[in-house]
Amino acid sequence: MKQTENLDFQIACFDNLLLAFYKAKKGKEAKMEVINFQNNLDDNLLLLRKRILSENPEFGKYHYFTIYDPKQRTICAAAFEERVMHHAIMNVCHPFFEKFQISDSYASRVGKGSYKALQRATWFSKHYKCCAKFDVRKYFDSIDHQILLSLLNKLFREKRLLCVFEKIIESYHVEPGKGVPIGNLTSQYFANHYLAFLDHFVKDQMGIKGYVRYMDDFLMWHNDKPALKQTASDIGLYLLEKLNLTLKPVSYHCTSQGVSFLGYTVFPEKLYLNSRSKHRFIEKLKRYNRLLEAGVWSEARFKDHATALFSFVKHADSLYFRRKVLSHYGQ
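Counting from 1 along the sequence shown, just add 11 to a position and that's the residue number in the working numbering.
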């Protein structure tokens, strides 16, 4: 890939830092750390600029909390000034990461997303008999720092920028030399780029056409099950040897019987909600109604959350299920 010079200066540009500030504060305007940063905005942005250009940025001021939807995860939230830095970096570096992605990678990319991934998965299911489902074991926790840095060195050349990347990566460990934090903007880019090398191995070297990846969940199609199993074995070996990752047991499916992916079951002609998504929908709707009835939520807040909830289930063939659930609420 052709290298663009002076990316570090573009990141440290005051206008870019100002744009990063507005992106980082979106939806968080009332938080005290945002207010304090904004009260001395010019000086704070100039300090970030100085740190970038002096190769001495500060990272690692994390706040941890746990979520349980859809499964238990520890989220690592960076301090606000670090989030500004993350946005400033990706404002400039985004095109380079994006250019290396294949068309059938769908996570954390503009114009892609889960629904586009599902649409593509449905198309492949129409044209192939068999499907293999892959999931990397503890993906974010397993990313190897040295391998990640070596992959970033292939994409970028600026010493100061690579120094910033290294500072971000080394600010977090699950165990020595392993892991990137769930919740950081930079982590989304790093994690997607890490597996982009698998994408190119699958598409360019193995010549596989039926392939869709959404972060560390990915599907592969073939008309011959033994050939599919051999290809899956080759993928597992590549992940272990090149990226120091291990797969959960690969599952194999006849496309006519459906395959679970991103909360849905994908068939050649239709999408259905899988059982876990149905359960989550019911439990969330119950909780939203309790908050509304208790006066904790206003009707407007309830509507905002319920709209997002129904948007997810409406994407599937779920009319009967929705009517059944809503009948319990007299609607």
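Every residue, glycine too, gets a C-beta built ideally from N, C-alpha and C.
Under the 10 Å beta carbon count, residue 38 is surrounded by fewer than 16 other beta carbons and is classified as exposed. If you draw a straight line from the Cα of residue 199 to the Cα of residue 97, it comes to about 11 Å. With three or more CB-CB distances shorter than 8 Å, the stretch 90-110 counts as touching the stretch 19-37. Here DSSP, grouped into helix, strand and coil, assigns residue 315 to helix. In this structure, the alpha-carbon of residue 85 lies about 20 Å from that of residue 295.
Looking at 182, 162, 181 and 191, the one whose alpha-carbon comes closest to that of residue 154 is 191.
Taken in chain order, the whole alpha helix (DSSP H) runs of length 4 or more contained in the stretch 100-153 are 125-138 and 150-153. For residue 53, the enclosing alpha helix (DSSP H) covers residues 52-64. Secondary structure of residue 271 (DSSP, three-state): strand.
One alpha carbon belongs to residue 148, the other to residue 106, and they sit about 29 Å apart. By the Cβ rule, the stretch 130-147 does not count as touching the stretch 44-53, because fewer than three pairs are nearer than 8 Å. When the Cα atoms are used, residue 75 and residue 88 turn out to be separated by approximately 6 Å.
The residue among 232, 34 and 145 with its C-alpha nearest the C-alpha of residue 250 is 145. Across the structure, residue 59 and residue 150 are spaced so that their CA atoms are roughly 31 Å apart.
Of all alpha-carbon atoms in 177, 127 and 52, the one lying nearest the alpha-carbon of residue 69 is that of 177.
Note that the C-beta distance between residue 234 and residue 139 is below 8 Å. Shown here, residue 155 sits in a strand according to DSSP, grouped into three states. Restricting attention to 244, 206 and 238, the CA atom closest to the CA of residue 141 is found in 238.
DSSP, read as helix, strand or coil, puts residue 244 in helix. By the criterion of a C-beta distance shorter than 7 Å, residue 281 is surrounded in its chain by 328, once the five residues flanking it on both sides are discounted. In the structure shown, residue 43 falls within a helical segment according to DSSP collapsed to helix, strand and coil.
In the structure shown, the three-state DSSP call for residue 69 is coil. Here the stretch 242-260 lies against the stretch 209-223, with 3 or more beta-carbon pairs under 8 Å apart. For residue 228, no alpha helix (DSSP H) segment is defined; the enclosing uninterrupted segment is the beta strand (DSSP E) at 228-233. In the DSSP secondary-structure assignment, residue 186 is bridged to 189.
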